[in-house]
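In my numbering, the protein residues as written are 2 to 75. The beta carbon of each residue, even a glycine, is placed where N, CA and C say it ideally should be. Working notes for the structure below.
Set out below in structure tokens:
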């Protein structure tokens, strides 16, 4: 996320809890020195809208990774 923001990307950062998304966005924005990252709650409507407008989607969930290989993200 830091690399994308430093390259000028506008990033929507989704998390299961809005508080955690806000915390991560603050951390990245502080590292970058400008507000490039905006928090987003992982709910169907706002997430769907953000994905529909996105040029790139990066899924960083641990679902599907060992030992949870049978689980997939929504």
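Task: CB contact check: residue 18 to chain C, cutoff 9 Å - done: Here chain C cannot be found, since the structure has a single protein chain.
Task: Test item: CB-CB of residue 32 and residue 58 under 9 Å - done: No.
TODO: Could you spell out where the alpha helix (DSSP H) holding residue 47 opens and where it closes?
DONE: Its alpha helix (DSSP H) spans residues 45 to 54.
- [ ] Output the boundary residues of the alpha helix (DSSP H) element that contains residue 5.
- [x] Residue 5 -> alpha helix (DSSP H) spans 3 to 7.
- [ ] Name the one or two DSSP bridge partners that residue 16 has.
- [x] Answer by DSSP bridge pairing, in chain order: 42.
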